[in-house]
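Everything below concerns the one structure shown next.
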Amino acid sequence: MRQFRPTLLALLVAIAAPATLLAQGGRGGEPPKNLQVLPKDMPRNQVTALMRTFTMSLGVRCEHCHTEDPAAAAAAAAAAAAPAAANAPAAGRGGRGGGPQLDYSLDDKETKKIAREMMKMVMDINGKYLPTTGRTFTDLTRVSCETCHHGLAKPRTLRAAMTEAVQAKGADSAVALYRALRLRYYGSAAYDFSEPSLNETGNQMGQVPDNRRAAIAILKLNLEFFPQSVPTLTNLANISVAMGDTAGAVAAINQALAAQPDNNQLKNLLQRIKPSGH
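Right, here's the structure in full:
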């Protein structure tokens with residue numbers, strides 16, 4: 078595994094300080110087992126520090142990838158079944174934060190296998206592809222898990238999440254999902270809650286006739302948070318026209334013109350769709 082050492086350094090830069098602290102004060106323990114991507118002689122404290130960055134970057138715990146120790150699980154089950162164990166703490170719960178005691182060497186979970194491939198990808202990006210750009214990358218600008226995941230186990234855009242919700246259960250489900258995601262993740266980098274995000278989502282949905290009612294709902298949702306968003310109101314007007322809702326389109330344009338009175342594009346659109354006699 079020596080060929081991974083140069084690019085492994087790029088993967089470790091973000092946890093250099095924690096790794097140093099662990100090396101100075103952490104417990105050594107027995108060497109890690111079943112290392113397949115990382116160097117087989119990598120010290121346990123460095124492996125632990127690296128794994129900690131994975132959990133933070135993905136917003137998960139160790140058991141997301143690692144399997145409970147079968148012996149510890151059996152002991153915990155036996156203790157729970159014993160009458161005397163009614164008021165005793167469960168055995169075998171030795172994980173961080175009271176979680177299960179894990180056997181990190183086991184390869185039972187698909188997520189662990191995927192993680193190995195992701196590690197190879199990051200190493201290739203930092204060690205092979207970025208250097209070919211001819212640009213200089215520092216320890217703070219190289220790619221890491223956080224670059225894509227931003228605290229999500231399965232990174233995805235807000236647009237993807239909303240579109241999937243519409244396709245699965247309809248517009249009301251997508252609106253509820255947005256509110257839940259905003260409540261949980263607002264202020265983090267997990268999802269883009271800026272004005273253009275929902276606007277572009279609604280605009281793209283509106284290109285498909287069957288999704289236009291959902292697009293209207295998404296755009297109106299955006300207006301709850303950005304009531305003066307002229308791009309959102311413009312898309313709302315255009316999709317309303319496509320649906321034959323002239324009154325809705327006129328209302329959206331008038332609201333947009335109140336924010337931008339000199340917008341000639343909106344004035345022209347209003348003249349084209351405004352019912353005669355008005």
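Following the numbering used here, the numbering of the sequence shown begins with 78 at its first residue and continues without gaps.
Virtual Cβ for every residue (Gly too), placed ideally from N, Cα, C.
Can you tell me which of the options puts its alpha carbon nearest to the alpha carbon of residue i?
{"i": "residue 402", "options": "211, 213, 259, 221", "result": "The first residue shown for the chain is 78 and the last is 355, placing residue 402 beyond what the model contains."}
{"i": "residue 37", "options": "297, 319, 322, 321", "result": "Nothing about residue 37 can be reported from this structure: the residues present for the chain run from 78 to 355 only."}
{"i": "residue 347", "options": "119, 216, 326", "result": "326"}
{"i": "residue 151", "options": "135, 129, 126, 178", "result": "178"}
{"i": "residue 308", "options": "288, 324, 329, 294", "result": "329"}
{"i": "residue 181", "options": "341, 226, 143, 264", "result": "143"}
{"i": "residue 113", "options": "241, 224, 191", "result": "191"}
{"i": "residue 206", "options": "220, 245, 274", "result": "220"}
{"i": "residue 186", "options": "195, 145, 116", "result": "145"}
{"i": "residue 268", "options": "246, 226, 287, 109", "result": "226"}
{"i": "residue 201", "options": "222, 189, 322, 184", "result": "222"}
Which of helix, strand or coil does DSSP assign to residue i?
{"i": "residue 405", "result": "Examination of residue 405 is not possible in this model, given that the chain is present from 78 through 355 alone."}
{"i": "residue 107", "result": "coil"}
{"i": "residue 87", "result": "Low per-residue confidence applies at residue 87: pLDDT is 48, beneath 50, and the placement is therefore not dependable, though the value from the model is reported in the following sentence. Helix at residue 87."}
{"i": "residue 336", "result": "helix"}
{"i": "residue 249", "result": "helix"}
{"i": "residue 234", "result": "coil"}
{"i": "residue 215", "result": "coil"}
{"i": "residue 322", "result": "coil"}
{"i": "residue 146", "result": "coil"}
{"i": "residue 112", "result": "coil"}
{"i": "residue 179", "result": "strand"}
{"i": "residue 184", "result": "coil"}
{"i": "residue 348", "result": "helix"}
{"i": "residue 285", "result": "coil"}
{"i": "residue 269", "result": "coil"}
{"i": "residue 121", "result": "helix"}
If you drop the 5 nearest sequence neighbours on each side, which residues of the same chain put their C-beta closer than 6 Å to that of residue i?
{"i": "residue 272", "result": "303, 306"}
{"i": "residue 243", "result": "251, 291"}
{"i": "residue 137", "result": "230"}
{"i": "residue 336", "result": "305, 307"}
{"i": "residue 248", "result": "291, 294"}
Buried or exposed, going by whether 16 or more other CB atoms sit within 10 Å of the CB of residue i?
{"i": "residue 285", "result": "exposed"}
{"i": "residue 217", "result": "exposed"}
{"i": "residue 102", "result": "Residue confidence for residue 102 is low, a pLDDT of 36 falling below 50, so the modelled location carries little weight; the figure read from the coordinates is stated next. By the neighbour-count rule (16 or more Cβ atoms within 10 Å), residue 102 is not buried but exposed."}
{"i": "residue 236", "result": "buried"}
{"i": "residue 209", "result": "exposed"}
{"i": "residue 134", "result": "buried"}
{"i": "residue 147", "result": "exposed"}
Just to confirm my understanding: we take residue i, look at its own chain, exclude 5 residues before and 5 after, and list those with CB closer than 7 Å. What are they?
{"i": "residue 351", "result": "327"}
{"i": "residue 318", "result": "326, 350"}
{"i": "residue 312", "result": "276, 279, 280, 283, 296"}
Going by beta carbon distance, what residues of the same chain come within less than 8 Å of residue i, once the five residues before and after it are set aside?
{"i": "residue 331", "result": "347"}
{"i": "residue 132", "result": "138, 139, 141"}
{"i": "residue 320", "result": "289, 290, 293"}
{"i": "residue 254", "result": "238, 239, 242"}
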